[in-house]
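Q: Right, I'll just put the structure down here and ask away after.
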Amino acid sequence: MTAVVFPADPLRPRRVDEHFRAEADAAREAGARVLLDSAPGAAEPAWYRGWMLTPERYAALPFELCTTPDMYRRAHELPGWYPVFAAVTPASVWLPPGAPLAGLPAAAAALGDGPFVVKDYVKSRKHEWDSACFAPDAGRLPAVAATFAERQEDFLAGNVVVRAFESFTGPEVRVWWLDGEPVLTGPHPDGPPEVPEPPLGHVAPLVRELGCRFVTTDLALRADGVWRVVEVGDGQVSELPSVADPAVLFAALVAAAGR
Numbered sequence: 000m001t002a003v004v005f006p007a008d009p010l011r012p013r014r015v016d017e018h019f020r021a022e023a024d025a026a027r028e029a030g031a032r033v034l035l036d037s038a039p040g041a042a043e044p045a046w047y048r049g050w051m052l053t054p055e056r057y058a059a060l061p062f063e064l065c066t067t068p069d070m071y072r073r074a075h076e077l078p079g080w081y082p083v084f085a086a087v088t089p090a091s092v093w094l095p096p097g098a099p100l101a102g103l104p105a106a107a108a109a110l111g112d113g114p115f116v117v118k119d120y121v122k123s124r125k126h127e128w129d130s131a132c133f134a135p136d137a138g139r140l141p142a143v144a145a146t147f148a149e150r151q152e153d154f155l156a157g158n159v160v161v162r163a164f165e166s167f168t169g170p171e172v173r174v175w176w177l178d179g180e181p182v183l184t185g186p187h188p189d190g191p192p193e194v195p196e197p198p199l200g201h202v203a204p205l206v207r208e209l210g211c212r213f214v215t216t217d218l219a220l221r222a223d224g225v226w227r228v229v230e231v232g233d234g235q236v237s238e239l240p241s242v243a244d245p246a247v248l249f250a251a252l253v254a255a256a257g258r
């Protein structure tokens with residue numbers, strides 16, 4: 000039997016976190032056993048579905064996870080997936096963990112004079128676009144990066160990443176992949192509910208090359224008409240938009256768990 004591990008509700012620790020309750024119901028209906036991340040480990044193959052975890056916390060989960068810790072880190076953090084997707088995603092550079100921000104301008108010189116987008120290995124602060132995300136030129140980059148790092152504080156994942164800014168003309172589309180095949184396509188959780196169907200012929204071989212079982216790719220149409228990969232993520236911790244049918248996803252996960 001397949002298991003799906005969900006985070007426990009912090010106020011009612013014997014229940015699934017309310018945010019994931021509909022997904023837990025869908026997992027049960029698909030034939031999975033629902034477990035809590037606070038429970039003892041189980042012997043059957045398991046998928047995790049929950050909040051983002053650091054790779055270290057993920058590796059410490061006491062379950063036989065279908066996604067190995069190495070797969071999780073590779074899909075979850077930009078330095079893990081970027082070398083595979085470099086041709087189809089904005090050019091990027093990053094500082095290694097623990098490196099001082101003073102080295103960022105030299106690293107970013109490879110990207111030209113800007114504009115740039117600043118983030119860490121996992122997340123950006125795009126809701127603070129002008130102060131902690133977007134740098135219009137190399138002169139503004141150090142200040143934006145410093146503000147970003149200061150506001151991330153203990154939540155800074157890895158270190159600072161600088162990406163070349165690309166202009167997109169429509170909403171992001173999130174594609175869910177399982178064992179190299181797309182199983183669900185829909186909107187990004189932060190975007191409008193109606194999105195186009197992007198072509199995936201240029202993305203599918205890269206997803207397979209990455210070698211991670213359950214991943215998401217966020218795609219957007221660039222101003223020149225080219226579909227680009229904006230982000231890659233581990234599917235276990237990628238947000239499912241409210242308009243998506245979780246039954247589709249969990250039926251696929253249950254069917255694939257024993258492969």
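Residues 0 to 258 in numbering that gives the first Met the number 0 are what the sequence shown spells out, letter by letter. Just so it is clear, CB atoms sit at the ideal spot from N, CA and C, and this is done for glycine as well. Remember, it's a predicted structure, so these values are computed and weren't measured experimentally.
1) May I ask which residues mark the beginning and end of the beta strand (DSSP E) holding Arg173?
2) Find out if the Cβ-Cβ distance for the pair Leu60, Asp36 is shorter than 8 Å.
3) Less than 6 Å between C-beta atoms, sequence neighbours within five positions excluded: which residues of the same chain meet that for Ala250?
4) With distances taken Cα to Cα, identify the nearest neighbour of Asp69 among Glu63, Phe62, Gly79.
5) Nearest to Trp46 by alpha carbon, out of Glu230, Phe62, Pro54?
6) Let me check one thing: in DSSP terms, what residues is Asp55 bridge-paired to?
7) Locate the alpha helix (DSSP H) running through Val247, then write down its first and last residues.
8) I'd like to know whether the C-beta atoms of Pro192 and Pro186 end up nearer to each other than 8 Å.
9) Considering only residues of the same chain and omitting the five flanking positions on each side of Gly169, which have a CB-CB separation below 8 Å?
10) Thinking just about the alpha-carbon of each residue, which of Cys211, Gly190, Pro181 is nearest to the one in His201?
11) Please confirm whether Ala107 and Leu155 have their CB atoms less than 8 Å apart.
12) What is the DSSP secondary structure of Lys122, reduced to helix, strand or coil?
13) Would you mind reading off the limits of the alpha helix (DSSP H) that contains Thr146?
14) For Ala74, does the three-state DSSP call read helix, strand or coil?
A: Reading from the atomic positions:
1) 172-177
2) yes
3) Ala29
4) Gly79
5) Phe62
6) It is worth fixing the name first, because residue 55 is Glu in this sequence and not Asp. Its beta-bridge partners do not exist; DSSP assigns none.
7) 245-255
8) yes
9) Val194, Pro195, Ala219, Leu220
10) Pro181
11) no
12) coil
13) 140-151
14) helix
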